[in-house]
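Numbering (my numbering), first residue to last: 6 to 65.
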Amino acid sequence: MNEFTLDELNLLLSVFEKAGITVENGAEGEMLQRVKAAQENRQELDSMEFDDCLGGACKL
């Protein structure tokens, strides 16, 4: 699956903001919520130190 980078997700959120889209805007609002969730997940993944998990020391 082709996923967006953190920068791309931040850009999409900026576009939603400039367009005045809120979560109450029907289908557009649903898409905004999905992009926000994806951005939060990507931000968390990008901040993880996977070197700390070498050898199975931790579970993701």
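Note that beta-carbon positions come from the ideal geometry of N, C-alpha and C, so glycine has one too.
L37 is positioned such that its CB atom lies closer than 8 angstroms to that of I26. Cβ neighbours of L17 within its own chain (closer than 6 angstroms, five residues either side excluded): V40. 8 angstroms or more divides the Cβ of A42 from the Cβ of F9. Annotated three-state conformation of M36 is helix, per DSSP. DSSP places V20 in the uninterrupted alpha helix (DSSP H) bounded by 11-23.
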